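Residue numbers (the numbering used here): 379 to 615.
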């Protein structure tokens, strides 16, 4: 388990609805410092918050943040990109590259950059990767594909970092009530409730959080025949 009391937390995508809650609740749980990163960092009223410019898809930017924030004990990969359509055949080359670099390569690059530092602490350190229920449901084209890839990366990180005492938590959720999910009429979690679940799970020592009914239902479908998960395949046959 990883306590946030006294932790030094780095959050990617800190400007968004989930990111803002991650910053606020990390501080409320006793974090001594929070690096709030974004491509264009905003100002914060709490002196414990250190804004840093970070483009997770840019290796030089990742290295710059590593130099500026060498004391991180909890890394939260929250930044994400999405495409304008769910059709992987209709998505542009730029959308595909952006999703792969932001949702998959970026979190992996940050985990690789910080792994030696986290492992050196000998415990009470963690990586939190925000996935999606769409990791297991291929209806969002390249977005689903990158989230599936990140799920696999998280599994690898758990195995490789466990001997060093680094907790790796993967978080899956359907919709959270933020600007990114404004297009959907599906039930949405309040960002404050979602982040509270993330930190409760982290501090309890959890390694996977299925934050809502959608993520639980979709993961349970992994053991079913493909035609049960995607009924249109059965109809087509």
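Ideal Cβ positions, reconstructed from N, Cα and C, are used throughout, including at glycine.
Please read these numbers as outputs of a predicted model, since none were measured by experiment.
Relative to the C-alpha of residue 477, which residue among 496, 448, 436 and 444 is closest?
-> The option with the nearest alpha carbon to residue 477 is 436.
For residue 469, does the three-state DSSP call read helix, strand or coil?
-> Note: residue 469 maps to coil in three-state DSSP.
Look up residue 586 in the DSSP assignment and say whether it is helix, strand or coil.
-> The DSSP-derived three-state label of residue 586 is strand.
Where residue 517 sits in the DSSP three-state scheme | Of the three classes helix, strand and coil, the one that applies to residue 517 here is coil, per DSSP.
Alpha carbon of residue 458 to alpha carbon of residue 590, nearest angstrom | Taking the straight line joining both Cα atoms gives about 19 Å.
Give the straight-line distance between the Cα atoms of residue 568 and residue 495, rounded to the nearest whole angstrom.
-> Residue 568 and residue 495: Cα-Cα distance of roughly 33 Å.
Residue of 441, 385 and 406 minimising C-alpha distance to residue 573 | Minimum Cα distance to residue 573 is reached at 406.
Whole angstroms is fine: what's the gap from residue 602's alpha carbon to residue 511's?
-> Residue 602 and residue 511 have their C-alpha atoms roughly 16 Å apart.
Report the option in 415, 547 and 429 whose CA atom is closest to the CA atom of residue 502.
-> 547 is the residue among 415, 547 and 429 whose C-alpha sits nearest the C-alpha of residue 502.
Which runs of the beta strand (DSSP E) fall wholly inside the region 476-557 and span at least 3 residues, in chain order?
-> Those beta strand (DSSP E) runs which fall completely within the region 476-557 and span 3+ residues are 503-508 and 544-550.
Could you spell out the range, first to last residue, of the alpha helix (DSSP H) harbouring residue 450?
-> Looking at the DSSP string, residue 450 is not in any alpha helix (DSSP H), and its letter there is neither H nor E.
Looking only at C-alpha atoms, which of 530, 442, 434 and 412 sits nearest to residue 384?
-> If we check each option's Cα against that of residue 384, 412 comes out closest.
For residue 576, which residues from the same chain have a beta carbon less than 7 Å from its beta carbon, with the 5 sequence-adjacent residues on both sides left out?
-> The residues are 506, 549 and 587.
Quick one: what's got a C-beta closer than 7 Å to residue 594's C-beta in the same chain, skipping five residues either side?
-> Sequence-distant Cβ neighbours of residue 594 in its own chain, meaning closer than 7 Å and more than five residues away, are 588.
When you compare only the Cα positions, how much space is there between residue 606 and residue 538?
-> So the alpha carbons of these two residues sit roughly 34 Å apart.
If you draw a straight line from the C-alpha of residue 540 to the C-alpha of residue 526, how long is it?
-> Going from the Cα of residue 540 to the Cα of residue 526 covers about 21 Å.
When the Cα of residue 519 is compared with those of 473, 530 and 551, which residue comes out closest?
-> Comparing Cα-Cα distances from residue 519 to each of 473, 530 and 551, the minimum goes to 473.
Can you give me the Cβ contacts of residue 397 inside the same chain, cut-off strictly under 7 Å, excluding the 5 residues immediately before and after it?
-> So the qualifying residues of the chain are 389, 391 and 456.
In three-state terms, what does DSSP make of residue 418?
-> Residue 418 falls in the coil class under three-state DSSP.
Buried or exposed by the 16-neighbour rule on C-beta atoms within 10 Å, applied to residue 441 | Looking at its Cβ environment, which holds fewer than 16 other Cβ atoms inside 10 Å, residue 441 is exposed.
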